[in-house]
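Asker: Quick one: the structure is below, questions incoming.
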Amino acid sequence: DAGVIQSPRHEVTEMGQEVTLRCKPISGHNSLFWYRQTMMRGLELLIYFNNNVPIDDSGMPEDRFSAKMPNASFSTLKIQPSEPRDSAVYFCASSLDLGNNQPQHFGDGTRLSIL
Amino acid sequence: GNSVTQMEGPVTLSEEAFLTINCTYTATGYPSLFWYVQYPGEGLQLLLKATKADDKGSNKGFEATYRKETTSFHLEKGSVQVSDSAVYFCALRFTGRRALTFGSGTRLQVQP
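Protein sequences appear in the order of chains A and B. The working numbering puts the first residue of the first sequence at 1, with every later residue one more than the last. The working numbering puts the first residue of the second sequence at 1001, with every later residue one more than the last.
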């Protein structure tokens, strides 16, 4: 079974550039989450969607960050303009929303380096 | 507020040693509790979970018991292997909230 698929796996770009991270959740899952992992702050929830609708975006650090989920099988996280402090590993996760006991399944992450 | 506290790592053990990674939480209410494992270069994988007090989650020789009285969910394994070397995250989720709250992670290094 295909798990959560993220692309790209690695991205290196110069500050000021636009960065787009992509995620394909597990088919049939209706909740999708974006996390950021850094050494300093650990794992932070940025935003999550349920049935393609953003439910909680309080973790999005600032207006430079935006996320969309145009359909049930695709989501993007965009940073524009990017800054060196955005360097981190960004994880996407999905879950089947049938109660609170459903685990989240994580992708392998996108390692982002902003120079 | 609601939070998860894990013991700091790295934890370094010899193969076949006994493992305990402590996890305590602060919460209003009764969350579900999870342990996730992250191997180098990979995403997090669910290791085990417990959804109510006194539940014991177990998988791959690991186990953890949901202790409401001590608000703890310590991870244990009787005999670790080199392949268990990874970062372990304790997490919780509250009723009505889909997102997980993670601890800071504990790195385990098992030496042959």
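No residue lacks a Cβ here, since even glycine has one placed at the ideal position from N, Cα and C.
(1) Relative to chain B, which residues along the segment 73-86 of chain A have a C-beta separation below 9 Å, given in chain order?
(2) In terms of residues, what are the limits of the beta strand (DSSP E) holding residue 1088/B?
(3) Please confirm whether residue 1015/B and residue 1087/B have their CB atoms less than 9 Å apart.
(4) Under 6 Å Cβ to Cβ from residue 1112/B, same chain only, skipping five residues before and after it: list those, please.
(5) By Cβ distance, which residues of its chain are closer than 6 Å to residue 1057/B, with the 5 residues on each side in sequence left out?
(6) Tell me which residue opens and which closes the beta strand (DSSP E) that residue 54/A is part of.
(7) Pull up the CB-CB distance for residue 1074/B and residue 1026/B, whole angstroms please, since I reckon it's below 8 Å.
(8) Helix, strand or coil for residue 1083/B? Go by DSSP, reduced to three states.
(9) In terms of residues, what are the limits of the beta strand (DSSP E) holding residue 1059/B?
(10) Of all the residues that make up the segment 1031-1060 of chain B, which are near chain A by a beta-carbon distance shorter than 9 Å?
Answerer: Concretely, from the data shown:
(1) none
(2) Mapped onto the second sequence, residue 1088/B falls at position 88. Per DSSP, residue 1088/B belongs to the beta strand (DSSP E) from 1086-1093.
(3) On the second sequence, position 15 is the one that residue 1015/B refers to. On the second sequence, position 87 is the one that residue 1087/B refers to. No; because the gap between Cβ atoms is not below 9 Å, this pair is not in contact.
(4) Here residue 1112/B corresponds to residue number 112 of the second sequence, with the count starting at 1. 1015 and 1082.
(5) Along the second sequence, read from residue 1 onward, the residue named residue 1057/B stands at position 57. Cβ within range, chain order: 1048, 1049, 1050 and 1064.
(6) As a working mapping, residue 54/A is identified with position 54 in the first sequence. Segment 53-56, the beta strand (DSSP E) holding residue 54/A.
(7) Position 74 of the second sequence, counting from 1, holds the residue named residue 1074/B. Position 26 of the second sequence, counting from 1, holds the residue named residue 1026/B. The Cβ separation is near 16 Å, so there is no contact.
(8) Taking the second sequence and counting its residues from 1, the one referred to as residue 1083/B is at position 83. Helix.
(9) Counting from 1 along the second sequence, the entry for residue 1059/B is found at position 59. Note, residue 1059/B: beta strand (DSSP E), 1056-1059.
(10) 1031, 1032, 1034, 1036, 1038, 1041, 1042, 1043, 1044, 1045, 1046, 1049 and 1051
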